[in-house]
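To keep things clear, I will list the structure first and then write my remarks on it.
Residue numbers (full-length UniProt numbering): 1 to 343.
Right, here's the structure in full:
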């Protein structure tokens with residue numbers, strides 16, 4: 001196993017060193033970005049190889065599991081009597097009880113134990129907030145459409161599924177399999193035009209009809225609306241809960257009598273207009289998030305309870321390991337924190 005991984009780790013390490021050198025000499029932003037993208041691609045290849053070499057776990061029959069959960073009304077598709085809407089689900093009595101138990105355990109462990117400040121912010125968000133955070137411009141996926149029916153697909157997911165189908169064919173040569181594996185590992189790095197070229201190269205068609213597909217286009221995942229009767233204030237349903245905690249930092253600081261809060265927490269629904277929601281509850285358009293934002297004083301990085309966990313050993317994947325091709329390793333928290341200069 002290590003013999004197979006050694007050259008890949010070396011490639012990651014060399015690219016990581018190159019990236020550090022470019023930053024140190026003040027190279028152009030374009031050169032740094034190109035090197036960073038190459039490092040990310042090499043890390044993806046290494047991760048894919050590590051995963052392939054791991055022993056296979058027993059698989060779960062997803063169809064039977066989903067059928068059981070729906071029959072016992074853990075959850076079911078929302079608005080089913082009107083045909084239902086993809087990506088929207090209702091929880092039944094058992095599903096609600098299970099969800100509430102999970103959230104209560106999360107609240108007890110993360111919020112009450114450390115006295116983190118919990119808030120509950122509005123889900124409607126004015127456009128300037130999400131414009132500043134970059135969501136309006138960048139919170140998007142590439143989408144393709146069936147040229148005749150208009151059915152939409154997320155481009156990277158469709159391309160990946162198509163390549164896996166081609167790779168499963170016994171007639172597919174080892175050289176082609178390797179090429180397609182490389183494409184899959186670098187999927188997150190492709191530009192819009194590169195994705196379009198790959199769709200042409202591998203002759204990707206609509207999986208439902210076999211029709212031609214439109215070229216990939218950028219699709220923003222936020223649900224847009226207007227606030228107020230005049231329609232002059234554009235807004236969005238929040239795609240995550242973080243913005244509310246950041247925007248209320250000053251109020252939290254005042255509430256905490258001027259002392260830096262250890263963190264803020266929020267439990268609530270978020271919304272993402274997924275291009276092709278599927279796999280039950282794994283990819284949906286409305287979902288509950290339980291999120292924490294921690295605040296750190298750069299001049300006083302201490303915590304009164306850290307000694308309680310300083311000797312705890314956990315699996316960590318440091319930034320140094322990520323850029324040098326090394327694997328994640330078990331470390332004492334005290335040693336890990338000491339390495340990054342927090343103590």
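Beta carbons are placed, not taken as given, at the ideal position from N, Cα and C, and that holds for glycine.
Short of 7 angstroms in beta carbon distance, which residues of its chain neighbour residue 183, apart from the five on each side in sequence? Order them along the chain.
Cβ within range, chain order: 163, 198.
Considering just the uninterrupted stretch of the beta strand (DSSP E) at residue 267, what are its terminal residues?
First-last of the beta strand (DSSP E) with residue 267: 263 to 271.
Give every residue of the same chain whose Cβ lies closer than 8 angstroms to the Cβ of residue 91, excluding the five residues on either side of it in the sequence, and list them in chain order.
Here the set comprises 74, 75, 99.
Helix, strand or coil: how does DSSP classify residue 82 here?
Residue 82 falls in the helix class under three-state DSSP.
Between which two residues does the alpha helix (DSSP H) harbouring residue 162 extend?
Its alpha helix (DSSP H) spans residues 155 to 167.
Could you compute how far the alpha carbon of residue 51 sits from the alpha carbon of residue 3?
Going by the C-alpha atoms only, they are around 15 angstroms apart.
When you compare the segment 286 to 300 with the segment 136 to 152, are there three or more beta-carbon pairs, one atom per stretch, that lie closer than 8 angstroms?
The segment 286 to 300 vs the segment 136 to 152: no contact.
If you run the structure through DSSP and keep just helix, strand and coil, what is residue 15?
Residue 15 falls in the helix class under three-state DSSP.
From the DSSP output, which residues share a beta bridge with residue 152?
145, per the DSSP bridge assignment.
Look up residue 291 in the DSSP assignment and give the residues it is bridged to.
In the DSSP output, where bridge partners are listed per residue, residue 291 has 266.
In the structure shown, what three-state DSSP assignment does residue 35 receive?
Looking at residue 35 - three-state DSSP - the assignment turns out to be helix.
Check whether the segment 10 to 20 touches the segment 316 to 323, counting contact only when three or more Cβ pairs, one atom from each stretch, lie closer than 8 angstroms.
Segments in contact, yes.
DSSP beta-bridge partners for residue 218?
Paired residues: 142.
What are the boundary residues of the beta strand (DSSP E) that residue 91 is part of?
Start and end: 89 to 91.
Report yes or no: do the segment 224 to 237 and the segment 197 to 215 share at least 3 C-beta pairs separated by less than 8 angstroms?
The segment 224 to 237, when compared against the segment 197 to 215, does not touch it at the 8 angstroms Cβ threshold.
Once the 5 residues before and after residue 216 are set aside, which same chain residues still bring their CB inside 6 angstroms of it?
Cβ within range, chain order: 142, 144, 155, 192, 195, 196.
Taking residue 45 as the reference, which of 185, 293, 200 has the closest Cα?
Of the candidates 185, 293, 200, the one whose C-alpha sits nearest the C-alpha of residue 45 is 185.
CB-CB under 8 angstroms to residue 357, same chain, minus the five flanking residues each way: which ones, in chain order?
The displayed coordinates of the chain run from 1 to 343. Any statement about residue 357 would go beyond what the structure contains.
How big is the Cα-Cα spacing for residue 248 and residue 135?
Going by the C-alpha atoms only, they are around 19 angstroms apart.
Can you tell which of 267, 268, 282 has the C-alpha that lies nearest to the C-alpha of residue 274?
Nearest option by C-alpha distance: 282.
Within 10 angstroms of its Cβ, does residue 302 collect 16 or more other Cβ (buried), or is it exposed?
That one is exposed.
From this set, 298, 300, 337, 309, which residue's C-alpha is nearest residue 317's C-alpha?
Looking at the Cα atoms, 337 is the closest of the given residues.
Since I believe residue 49 is in contact with residue 5 (beta carbons under 8 angstroms), could you give me their beta-carbon distance rounded to a whole number of angstroms?
About 6 angstroms; that satisfies the 8 angstroms criterion.
Just how far apart, CA to CA, sit residue 270 and residue 121?
Going from the Cα of residue 270 to the Cα of residue 121 covers about 11 angstroms.
Return the chain-ordered list of same chain residues with a C-beta closer than 6 angstroms to the C-beta of residue 342, the five sequence neighbours on each side being excluded.
Note on residue 342: pLDDT 35, under 50, position unreliable in the model; the coordinate value appears next. 301, listed in sequence order.
Can you grab the Cα-Cα spacing for the pair residue 234 / residue 124, in whole Å?
Near 10 angstroms, if we compare the C-alpha coordinates of residue 124 and residue 234.
Exposed or buried, residue 231, counting other C-beta atoms within 10 Å across all chains shown (16 or more means buried)?
So residue 231 counts as exposed.
Tell whether a beta-carbon distance below 8 angstroms holds between residue 291 and residue 310.
No; because the gap between Cβ atoms is not below 8 angstroms, this pair is not in contact.
Give the single residue among 31, 127, 41, 9 whose Cα lies nearest to the Cα of residue 190.
Among 31, 127, 41, 9, the Cα nearest to that of residue 190 belongs to 41.
Count the other CB atoms within 10 Å of the CB of residue 126; is the residue buried (16 or more) or exposed (fewer)?
Under this definition residue 126 is an exposed residue.
Taking Cβ positions, are residue 167 and residue 177 nearer each other than 8 angstroms?
Yes, these two residues count as a Cβ contact at 8 angstroms.
Quick check on this structure: which residue in 246, 152, 222 has the alpha carbon closest to the alpha carbon of residue 118?
Among 246, 152, 222, the Cα nearest to that of residue 118 belongs to 246.
To the nearest angstrom, report how far apart residue 31 and residue 250 are at their CA atoms.
Cα to Cα, residue 31 sits roughly 38 angstroms from residue 250.
Pop quiz: residue 293 and residue 242 are said to be a contact at Cβ under 8 angstroms. What is the actual Cβ separation, rounded to whole angstroms?
Contact flag correct, Cβ pair sits at about 6 angstroms.
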